[in-house]
Each structure stands twice: as C-alpha cells, then as structure tokens.
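So the structure is just underneath, and the comments pick up after that.
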Amino acid sequence: MLLGVVLLAFTAFLGVRAAVGFGVLGEGGHIVASRCVEQGGGRAGPDVECEGTLVIGDEKTSGQLVKVRLSSAEEGDTIPVHRAPWGTYEALDDSLFAKAGQGVFLALLTAAAAGCFVRAWSFVRRTARDPVRPVG
C-alpha cells in the first residue's frame, strides 16, 4: 500500500511536470537567451543552461532573469517557457521524441501505481474475509 501511495505521488508530480512541458499548464512566455553554458555530459550528451529575461506577450517583465535547461541552444535564441506550479520555469520541448518519451514514462508509472493499489486492495479484502481467530 505504501509503495502504491509513493508511486501515485511520483506519478502526480511527473504528470504536472509533463503538463508544463507540453505547454498545457502554467503561465507561458519566452526568454531570449543572453547567456548559455554547457552543463555536464551524460549518455545523451551535455545539457545547456540558458539564462535570459522573461517576456510575456509583447511586454518585458521587470527584468526577471529565468534559467532553463535544454538539450541544445545558443545565445540569442528565443526559447518558449512555461512556469511550473512550484515557481521554476521549464523550457518547452516540441520534439516528438520528447513528448512520446514523457507519455510512455507516465503511462508506465500510472500502471505501476494502479497495480500496487489493486494488489493492496485484494490483500485487504482477503484479510477482512478471514478474521483472525483467537487461540485458546
């Protein structure tokens, strides 16, 4: 049961993060990258952390600097972003590969959480049907 709750919470977090990444949830805008720095290098290659001033619509905000991580970007690029409920900004990745990967990962997590809850429910029902008899 505890594993099901943990998986459900993790699935909800990743679901919100995916909704922000798809551009469905959160306040939208874009940044014009003023500084980009390569960070780390995993199997997929290095990530790029870009910083720029947030622009919502046609108006610049009050000089709020926003940092986002992307797979590739250069200084001067316009990067679409959405604000997550916890206050950070996420770059929108419009590639089919990224969207399919997020969707499959969320489906697997949801299935795992559902499986844990079904197993816990069957355990609870089985123990409720067979009450413990006092030894005596």
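Okay, so the sequence shown: first residue is 812 according to this note's numbering, each after it adds one. C-beta: ideal position from N, C-alpha, C; glycine also.
What are the boundary residues of the beta strand (DSSP E) that PRO891 is part of?
889 to 894
At what residue ranges does the region 896 to 946 contain a whole run of the alpha helix (DSSP H), taking only runs of 4 or more?
Segments of the alpha helix (DSSP H) lying fully in the region 896 to 946: 907 to 940.
If you draw a straight line from the C-alpha of GLN913 to the C-alpha of SER906, how long is it?
Near 11 Å, if we compare the C-alpha coordinates of SER906 and GLN913.
Would PHE876 and GLY840 qualify as a contact pair, given that the criterion is a beta-carbon distance under 7 Å?
Per the sequence shown, the amino acid found at residue 876 is Leu instead of Phe. No, Cβ-Cβ distance for LEU876 and GLY840 is not below 7 Å.
Report the partner residues of GLN850 according to the DSSP bridge assignment.
DSSP, once it has assigned bridges, lists ASP858 as partnering GLN850.
Out of VAL915, CYS927, ALA923, PHE928, point me to the one whose CA is closest to ALA829's CA.
VAL915
Which of the three DSSP states is assigned to GLY863 in this structure?
Three-state DSSP puts GLY863 in a strand.
Could you name the residues of the same chain whose beta carbon sits closer than 6 Å to that of THR900, not counting the 5 residues immediately before and after it, in chain order?
The sequence shown places Tyr at residue 900, not Thr. Contacts found: VAL877, VAL879, VAL892, ARG894.
According to DSSP, ARG828 sits in a beta bridge with which residue or residues?
BP columns for ARG828 are empty, so no partner.
Return yes when the Cβ of ALA884 is within less than 7 Å of the Cβ of ALA844, no when it is not.
yes
Can you check which of these residues, ARG930, ARG846, GLN850, PRO857, is closest to THR863 by C-alpha distance?
Here residue 863 is Gly; the residue named in the question, Thr, does not match the sequence. Residue ARG846 is the option with its Cα nearest to GLY863.
Would you mind giving the Cβ-Cβ distance between LEU903 and GLY832, rounded to the nearest angstrom? I have them listed as a contact below 8 Å.
7 Å
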